[in-house]
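Residue numbers (the numbering used here): 111 to 262.
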């Protein structure tokens with residue numbers, strides 16, 4: 111089921127980014143957090159958020175987005191210029207992206223039992239194991255990584 115969920119995550123990220131943020135998204139191959147290069151950018155402003163889920167399969171999804179891409183996504187989502195966007199609005203956009211992606215991906219599994227989603231929260235990328243598998247999506251000359259940490 112983990113493989114199915116990884117594929118669903120990849121598809122969901124593309125769908126949500128293109129539909130809600132009006133940005134082209136291209137799927138890359140599955141990777142690890144370390145291989146994405148986003149940890150190297152940590153000092154250059156990468157925002158991360160996590161969302162726990164429970165159901166037939168339980169765990170958490172962490173999304174990592176470079177700051178410049180998050181600004182562009184927030185501008186598109188809110189319809190405001192970057193000068194008017196606060197850090198909290200950008201974090202809110204990241205949490206909403208995470209919520210939409212995770213909910214959409216879990217719905218695609220169609221287990222018939224449903225899933226419960228927690229509340230998205232901003233996390234430090236250091237809390238994410240660099241060896242975990244990551245779905246990588248190219249968006250506007252940047253990379254979004256979604257890390258799936260399965261508990262059962």
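The beta carbon of each residue, even a glycine, is placed where N, CA and C say it ideally should be.
Use the C-beta contact count for residue 134: other C-beta atoms within 10 angstroms, 16 or more gives buried, fewer gives exposed. exposed
Decide yes or no for the touch test of the stretch 227–236 against the stretch 154–172: beta carbon pairs closer than 8 Å, at least 3 of them. yes
Residues that residue 253 bridges to, as DSSP identifies them: 248
CB-CB under 6 Å to residue 216, same chain, minus the five flanking residues each way: which ones, in chain order? 225
DSSP has residue 132 in a bridge; who is on the other side? According to DSSP, residue 132 bridges with nothing at all.
What does the alpha-carbon distance come out to for the pair residue 243 and residue 146? 10 Å
Just how far apart, CA to CA, sit residue 141 and residue 246? 7 Å
Out of curiosity, what's the CA-to-CA distance linking residue 175 and residue 198? 15 Å
Leaving out five residues before and five after residue 192 in sequence, what residues of the same chain have Cβ atoms less than 6 Å from its Cβ? 181, 185
Taking C-beta to C-beta, are residue 255 and residue 123 nearer than 7 Å? no
How far does the beta strand (DSSP E) with residue 163 in it reach, from first residue to last? 156–164
Rounded to the nearest angstrom, what separates residue 125 and residue 118 at their Cα positions? 10 Å
Do the CB positions of residue 208 and residue 161 come within less than 7 Å of each other? yes
One question on the structure: do residue 240 and residue 172 come within less than 7 Å of each other, judged by their Cβ atoms? no
Supposed contact pair residue 259 and residue 169 - C-beta distance, whole angstroms, cut 8 Å: 5 Å
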